[in-house]
Structure formats: structure tokens, C-alpha cells
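Worksheet: one structure, shown below.
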Amino acid sequence: MTSTIVITGGGRGIGAELAKHYKQAGWTVFVTARDPSRVVSPADRVLALDVRDADSVASLVGALDGVSIDILWNNAGVYLDKGVSLAELTPEVWAETLLINSIMPVKIAQALLPNVAASEKKALAFTTSRMGSIASLKSAGSYAYRSSKTALNMAVAILTNEAAEFGVSTALFHPGWVRTDMGGPIADIDVATSAGGMKAVMGAHTIARSGAYYNYDGSVIPW
Ligand SMILES: NC(=O)c1ccc[n+]([C@@H]2O[C@H](COP(=O)([O-])OP(=O)(O)OC[C@H]3O[C@@H](n4cnc5c(N)ncnc54)[C@H](OP(=O)(O)O)[C@@H]3O)[C@@H](O)[C@H]2O)c1
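Quick note, this note's numbering runs 230 ahead of the 1-based positions in the sequence shown.
Encoded structure:
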């Protein structure tokens, strides 16, 4: 039986490249996008998902009813306050960032935990960022984005304990600074280096390392 991966935000950027790599490796691949009709993807299915919308999340969970998910990869994310000062940042934008980047990835993981627990690999992966690492903080700015990824890291750390009861592991990934719509054209690495690296790390990931905060190359990032 082939393994199955579900990737949120898999219609473009890092998520789309992850989908390509898993498809090439023979996996059954489901990706989500807000508007599936705009996505050209090698995935087996493109499912509609706007993580801000509870009905949309419920529809996704319904569409995946009975599907064993070896890896659920919560990758969708936003950087709404790129270049925005704290004075300019509105509470609404900060709250929306927390909803998309911190709260809903964990809620989606919780809702699909039975699907993951029913699989062989039993893994929850999350695309976070090194920008969520308090230990690595060296500059100012990006209050909403940075704090949203720190919050995601903590929520996944808590979820790690809960998921363990079902034999499910978790992994947090900094994908590198990647040339995508979000990362911009002068970022360090291309999507293939990022996705290929993370897929290799995920291939060696076991429950013994559950909760790890990995860089895309497998090195560990301090909290
Ligand atoms: N690029 C980097 O350098 C970098 C560095 C560190 C971490 N990351 C993280 O890596 C992940 C992917 O980033 P990327 O660089 O590939 O960014 P991207 O090219 O801007 O793509 C963002 C993805 O998130 C999805 N998304 C955004 N808002 C959504 C919503 N409300 N509901 C559902 N999906 C939504 C988008 O889906 P649609 O197609 O529907 O818009 C798209 O697939 C993010 O979590 C990001 O924080 C990126």
C-alpha cells in the first residue's frame, strides 16, 4: 500500500515543491489551496481549504473521512507584517497572523489526528520558521510573524505529549530562507533544496525524536 501525505498550502511555494517530491517518491499526495481551480499540481487531489474559515476546515476533515494519513504537513502560512513597524501593525493583522500560523495548524492536526493514528508512519509535520526561535533572535521587527511561529512551536510541543498517546510523532521545520512569494527573490535557497532536505529529514524521523525543531538540513534549532 502506498503512503499518503496531506499538505496544507500545497498549491504553490514550499508546499507545492513538497508535493512534487512526495509524488515522485510514489506517495499518494493530497494538497490544499484556497482556490483549487487555480492550482496546477502533480498531486492526486487538490482540496479547498481556507484555514481562517471553520466551515472550510470541517469540509476538509469530511473530505478526508476514512483516509489514513501517514504525514499531515501543516505548511500554510502568512507573513502579513513583512516590513511593517510595530506602530503600523494593527491588532487585527496580528490576530489574523496568529489564527493562520499558530492556532489553526494545531486545530487541523487535532481534527485529523484519528486519520494520522490509523496510518503506518503516524506523523504530524509543521512548517514553522527560525524566526520563531527566541534563542536565535538578533534583530527587531516582524512582531506578528515571529510571535506566531513561537506560539506554533509551543502549541506543537504541547500537542507532542497528547499525540504520543496515539503513537503519533510531531516535527517542526524551518524550511530555510527560500525563494518563494513569501521569501522573495534574493532568499538563500530554492524550493527544491528546501523540500528535498525536509523530506529526507522526515524520512529518518521517528517517534524517538518527536517534537524536534529541525532546520531543513536536519540540524536542530534552539528554542
Ligand atoms: N519562504 C521562506 O523563506 C520561509 C521561511 C521560513 C518559514 N516559511 C514558512 O513556510 C511556509 C510556506 O511558505 P512559502 O514560502 O511557500 O509561502 P508562499 O509561497 O507565500 O505560500 C503560502 C502558502 O500558504 C497558503 N495560505 C496562506 N493563507 C492561507 C489561508 N488563509 N488558508 C489556507 N492556506 C493559506 C497559501 O495558499 P493559497 O495558494 O491558497 O494562497 C500558500 O500555499 C509558511 O508557513 C511560511 O511561514 C517560509
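Each residue gets a CB set at the ideal place from its N, CA and C atoms; glycine is no exception. No experiment lies behind these values; they were computed from the predicted model shown.
Problem set entry | Near ligand 1: A348 beta-carbon under 6 Å from a heavy atom | One-based indexing of the sequence shown puts residue 348 at position 118. False, no ligand heavy atom lies under 6 Å from that Cβ.
Problem set entry | Other residues of its chain near A347: CB distance less than 7 Å, five sequence neighbours each side excluded | On the sequence shown, position 117 is the one that residue 347 refers to. Once the five neighbours on either side are set aside, the close Cβ partners of A347 are F396, G397 and V398.
Exercise. Any chance the region 245–259 sits against the region 416–433, with 3 or more Cβ pairs inside 8 Å?
Worked result: With the cut-off at 8 Å, the region 245–259 and the region 416–433 touch.
Problem set entry | Inter-residue spacing [alpha-carbon to alpha-carbon] between V276 and S267 | Numbered from 1 along the sequence shown, position 46 holds the residue referred to as residue 276. Numbered from 1 along the sequence shown, position 37 holds the residue referred to as residue 267. Roughly 9 Å separates the two Cα atoms.
Exercise. Can you check whether the CB of T400 is closer than 7 Å to the CB of G441?
Worked result: Taking the sequence shown and counting its residues from 1, the one referred to as residue 441 is at position 211. Taking the sequence shown and counting its residues from 1, the one referred to as residue 400 is at position 170. A distance below 7 Å separates the beta carbons of G441 and T400.
Problem set entry | Length of the line joining the Cα atoms of G406 and A293 | By 1-based counting over the sequence shown, the position of residue 406 is 176. By 1-based counting over the sequence shown, the position of residue 293 is 63. So the two alpha carbons sit approximately 32 Å from each other.
Exercise. Name the DSSP bridge partner or partners of F356?
Worked result: Within the sequence shown, numbered from 1, the residue matching residue 356 stands at position 126. F356 is bridged to N304 and L402.
Exercise. Taking just the CA atoms, how far does D418 sit from I338?
Worked result: Your numbering for residue 338 matches position 108 in the sequence shown. Your numbering for residue 418 matches position 188 in the sequence shown. Roughly 30 Å between the two C-alpha positions.
Problem set entry | Endpoints, the beta strand (DSSP E) within which A442 is located | Against the sequence shown, residue 442 aligns to sequence position 212. In the DSSP annotation of this structure, the continuous segment of the beta strand (DSSP E) that includes A442 starts and ends at A442 to N445.
For this session: Select from Y443, A394, L329 and I301 the residue whose C-alpha is nearest the C-alpha of G362.
Result: Position 132 of the sequence shown, counted from the start, is the residue given in the question as residue 362. Selected option, being the one with the closest Cα: Y443.
Exercise. Sorry if obvious, but does the Cβ on R376 come closer than 6 Å to a heavy atom of ligand 1?
Worked result: Walking along the sequence shown from the start, residue 376 turns up at place 146. Because no heavy atom of ligand 1 lies under 6 Å away, the Cβ of R376 does not count as near it: no.
For this session: Please report the residue range of the alpha helix (DSSP H) in which V236 lies.
Result: Counting from one through the sequence shown, the residue named residue 236 turns up at place 6. No alpha helix (DSSP H) holds V236; the beta strand (DSSP E) holding it covers T234 to I237.
Exercise. Helix, strand or coil for I244 per DSSP?
Worked result: The residue given as residue 244 occupies position 14 in the sequence shown. For I244, the secondary structure class from DSSP, reduced to helix, strand or coil, is helix.
For this session: List the endpoints of the continuous beta strand (DSSP E) containing V276.
Result: On the sequence shown, residue 276 is found 46 positions in, with the first residue counted as 1. Segment R275 to A278, the beta strand (DSSP E) holding V276.
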